[in-house]
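Chemist: Residue numbers (this note's numbering): 3 to 338.
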């Protein structure tokens, strides 16, 4: 029985599919191959998966309820890993309707499909952005996350709440994973490592917002994929210690859970640039600019709950991960 992975041609989706296939799972990948960034990169990721006999691909929009009904009706699906979404904080400032369609309507359609087909576990991507204006670091799932500062973050927080309603009403086991600044080979071109690498290799300035005073919990994509696989094998269960009089934001008396996945090492953005300079053998031209709307100054993950659940926490050092990313970037884009 295939595990369904939505967003299979995406950055994290491809890596998750590869690890599922490597351990012997059958994978049904779904993606709409949209043009938020170059579809060529998505097709190249997909090509890495399509030669595997355990992989099958369906091109469809997760918000298309009829397409989902057909996918779920073809064969029993034991678990769903939902990674399809409209990403990007800044893009949500100018294209809000895309986020409402993909992240709200799409997630709602998927919840309905999972409910009617009695899926044993839905694991879905959330984001560290849900912590919004919270400045208590490291961020813990036990902190409230009710003050998002971007529409992107608001839609992902809404996903967590939508999932809880289905877990409560229909006993659908759901687990939300709050990813912290994922990077690595095959990464999205709109994220800092790729934007900076392109500019450094072209001899163009890179933009450092908040005048460089930014820090992120950069998390290597292989660590993310390993954690996702371990979590999907542990369906959420009701928390026997949950107290309705003092509810824990990370658990419930429904089969619903939230976990951070981060590297536990918040790193200044300037350090990321230093690592790229060493890996690429070029010097960056740094241009300092004001803080952008929707951004937060720092992210830092408390992953103790994840470690307790699956015995694993991301730990790839930034310098090592950036070396791997830089090697892929130069090879993929044809730099000598």
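Note that beta-carbon positions come from the ideal geometry of N, C-alpha and C, so glycine has one too.
Using a Cβ distance threshold of 8 angstroms, determine whether the segment 237-248 contacts the segment 199-210, with at least three qualifying pairs required.
Modeler: Output reads no: the segment 199-210 does not touch the segment 237-248.
Chemist: Enumerate, from N- to C-terminal direction, the unbroken beta strand (DSSP E) stretches of 3 or more residues contained entirely within the segment 82-158.
Modeler: Taking only runs of at least 3 residues, the beta strand (DSSP E) segments lying wholly in the segment 82-158 are 123-129.
Chemist: Out of 237, 301 and 328, state which residue places its alpha-carbon closest to the alpha-carbon of residue 282.
Modeler: Mapped onto the chain shown, residue 282 falls at position 280. Nearest option by C-alpha distance: 328.
Chemist: Would residue 122 and residue 155 qualify as a contact pair, given that the criterion is a beta-carbon distance under 9 angstroms?
Modeler: The residue you call residue 122 lines up with position 120 of the chain shown. The residue you call residue 155 lines up with position 153 of the chain shown. No. Outside cutoff.
Chemist: How would you label residue 5, buried or exposed, when you count the other beta carbons within 10 angstroms and need 16 or more for buried?
Modeler: In the chain shown, the residue the question calls residue 5 occupies position 3. It is buried - the Cβ of residue 5 has at least 16 other Cβ atoms within 10 Å.
Chemist: Under DSSP, the alpha helix (DSSP H) around residue 334 begins and ends at which residues?
Modeler: As a working note, residue 334 is residue 332 in the chain shown. Unbroken alpha helix (DSSP H) run through residue 334: 320-334.
Chemist: DSSP beta-bridge partners for residue 269?
Modeler: Mapped onto the chain shown, residue 269 falls at position 267. Answer is 218, bridged to residue 269.
Chemist: Would you check if the segment 173-182 and the segment 258-266 touch, i.e. whether three or more CB-CB distances between them fall below 8 angstroms?
Modeler: Taking 8 angstroms as the limit for Cβ pairs, the verdict is that the segment 173-182 does touch the segment 258-266.
Chemist: Excluding sequence positions up to five away, which residues of its chain have a Cβ less than 6 angstroms from the Cβ of residue 291?
Modeler: Taking the chain shown and counting its residues from 1, one reaches residue 291 at position 289. Cβ within range, chain order: 209 and 211.
Chemist: To the nearest angstrom, report how far apart residue 296 and residue 55 are at their CA atoms.
Modeler: Against the chain shown, residue 296 aligns to sequence position 294. Against the chain shown, residue 55 aligns to sequence position 53. Their Cα atoms are separated by approximately 43 angstroms.
Chemist: Roughly how many whole angstroms lie between the Cα atoms of residue 330 and residue 223?
Modeler: One-based indexing of the chain shown puts residue 330 at position 328. One-based indexing of the chain shown puts residue 223 at position 221. So the two alpha carbons sit approximately 13 angstroms from each other.
Chemist: What number of angstroms, rounded off, separates the C-alpha of residue 151 from the C-alpha of residue 95?
Modeler: As a first step, residue 151 is located in the chain shown; it is residue number 149 there, counting from the start. As a first step, residue 95 is located in the chain shown; it is residue number 93 there, counting from the start. Rounded to the nearest angstrom, the two C-alpha atoms are 11 angstroms apart.
Chemist: According to the neighbour-count rule (16 or more other Cβ atoms, all chains shown, within 10 Å of its Cβ), is residue 287 buried or exposed?
Modeler: Numbered from 1 along the chain shown, position 285 holds the residue referred to as residue 287. So residue 287 ends up on the exposed side.
Chemist: Relative to the alpha-carbon of residue 240, which residue among 171, 134, 186 and 110 has its alpha-carbon at the smallest distance?
Modeler: Start at 1 with the first residue of the chain shown, and residue 240 comes out as number 238. When each option's Cα is compared against that of residue 240, the closest is 171.
Chemist: Extract the residue ranges of the alpha helix (DSSP H) inside the segment 20-69, only unbroken runs of 4 or more that lie entirely within it.
Modeler: Listed in chain order, the complete alpha helix (DSSP H) runs (minimum 4 residues) inside the segment 20-69 are 41-52.
Chemist: For residue 32, tell me which candidate among 229, 197, 164 and 108 has the shortest Cα-Cα distance.
Modeler: As a working mapping, residue 32 is identified with position 30 in the chain shown. That would be 108, whose Cα lies nearest to the Cα of residue 32.
Chemist: Could you tell me the distance, in whole angstroms, from the CA atom of residue 193 to the CA atom of residue 307?
Modeler: As a first step, residue 193 is located in the chain shown; it is residue number 191 there, counting from the start. As a first step, residue 307 is located in the chain shown; it is residue number 305 there, counting from the start. If I take the Cα positions, the gap works out to 27 angstroms.
Chemist: Here's the rule I'm using: 16 or more other beta-carbon atoms within 10 Å means buried, otherwise exposed. How should residue 299 be labelled?
Modeler: Here residue 299 refers to the residue found at position 297 when the chain shown is read from its first residue. Its Cβ having fewer than 16 others within 10 Å, residue 299 is exposed.
Chemist: Report yes if the CB atom of residue 312 is closer than 9 angstroms to the CB atom of residue 232, and no otherwise.
Modeler: By 1-based counting over the chain shown, the position of residue 312 is 310. By 1-based counting over the chain shown, the position of residue 232 is 230. Yes, the Cβ-Cβ distance between residue 312 and residue 232 is below 9 angstroms.
Chemist: Hey, residue 339 and residue 278 are a contact pair by Cβ (cut 8 angstroms); roughly how many whole angstroms apart?
Modeler: Missing from the structure shown is residue 339; the chain here goes from 3 to 338 and no further.
Chemist: Check the DSSP bridge columns for residue 188 and list the partner residues they point to.
Modeler: As a working note, residue 188 is residue 186 in the chain shown. Note: residue 188 sits in no beta bridge, so no partner.
Chemist: Identify, in the order they occur along the chain, each residue of the same chain with its Cβ nearer than 6 angstroms to the Cβ of residue 175, setting aside the five sequence neighbours on each side.
Modeler: Here the question's residue 175 lines up with position 173 in the chain shown. The answer, listed in chain order, is 123, 237, 238 and 257.
Chemist: So, for residue 149: in the same chain, excluding its five sequence neighbours on each side, which residues have a beta-carbon less than 6 angstroms away from its beta-carbon?
Modeler: As a position in the chain shown, residue 149 is number 147, starting the count at 1. Result list for residue 149: 134 and 135, in chain order.
Chemist: Return helix, strand or coil for residue 75, following the three-state DSSP convention.
Modeler: For the purposes of this step, residue 75 is taken as the residue at position 73 of the chain shown. Helix, per DSSP.
Chemist: Using a Cβ-Cβ cut-off of 8 angstroms (strictly less than) and excluding sequence neighbours within five positions of residue 217, which residues of its own chain qualify?
Modeler: Mapped onto the chain shown, residue 217 falls at position 215. Here the set comprises 268, 269, 270, 271, 299, 300, 301 and 302.
Chemist: Rounded to the nearest angstrom, what separates residue 83 and residue 294 at their Cα positions?
Modeler: Taking the first residue of the chain shown as 1, we reach residue 83 at position 81. Taking the first residue of the chain shown as 1, we reach residue 294 at position 292. Spanning the two alpha carbons is a distance of roughly 32 angstroms.
Chemist: Give me the Cα-Cα distance between residue 159 and residue 168, rounded to the nearest whole angstrom.
Modeler: Taking the chain shown and counting its residues from 1, one reaches residue 159 at position 157. Taking the chain shown and counting its residues from 1, one reaches residue 168 at position 166. Each residue's alpha carbon lies about 15 angstroms from the other.
Chemist: So the candidates are 44, 111 and 50; which of them puts its Cα closest to the Cα of residue 68?
Modeler: The sequence position of residue 68 within the chain shown is 66, counting from 1. Closest by alpha carbon: 111.
Chemist: With distances taken Cα to Cα, identify the nearest neighbour of residue 119 among 100, 97, 81 and 103.
Modeler: Counted from its first residue, the chain shown places residue 119 at position 117. With distances taken between Cα atoms, residue 119 lies closest to 81.
Chemist: What number of angstroms, rounded off, separates the C-alpha of residue 163 from the C-alpha of residue 9?
Modeler: The count along the chain shown starts at 1 and reaches residue 163 at position 161. The count along the chain shown starts at 1 and reaches residue 9 at position 7. Taking the straight line from one Cα to the other gives about 21 angstroms.
Chemist: Use the C-beta contact count for residue 157: other C-beta atoms within 10 angstroms, 16 or more gives buried, fewer gives exposed.
Modeler: Taking the first residue of the chain shown as 1, we reach residue 157 at position 155. Counting Cβ neighbours within 10 Å, residue 157 comes out buried, since at least 16 surround it.
Chemist: Counting only beta-carbon separations shorter than 9 angstroms, does residue 104 have a partner in chain B?
Modeler: The chain labelled as chain B is not found in the depicted structure, where only one protein chain is given.
Chemist: Leaving out the 5 sequence neighbours to the left and right, which residues in its chain are closer than 8 angstroms to residue 16 when beta-carbon positions are compared?
Modeler: Working through the chain shown from its first residue, we reach residue 16 at position 14. These residues qualify, in order along the chain: 10, 47, 48, 50, 51 and 188.
Chemist: Let me confirm a value: residue 88 is counted as buried when at least 16 other C-beta atoms fall within 10 Å, else exposed. Which label applies?
Modeler: Here the question's residue 88 lines up with position 86 in the chain shown. So residue 88 counts as buried.
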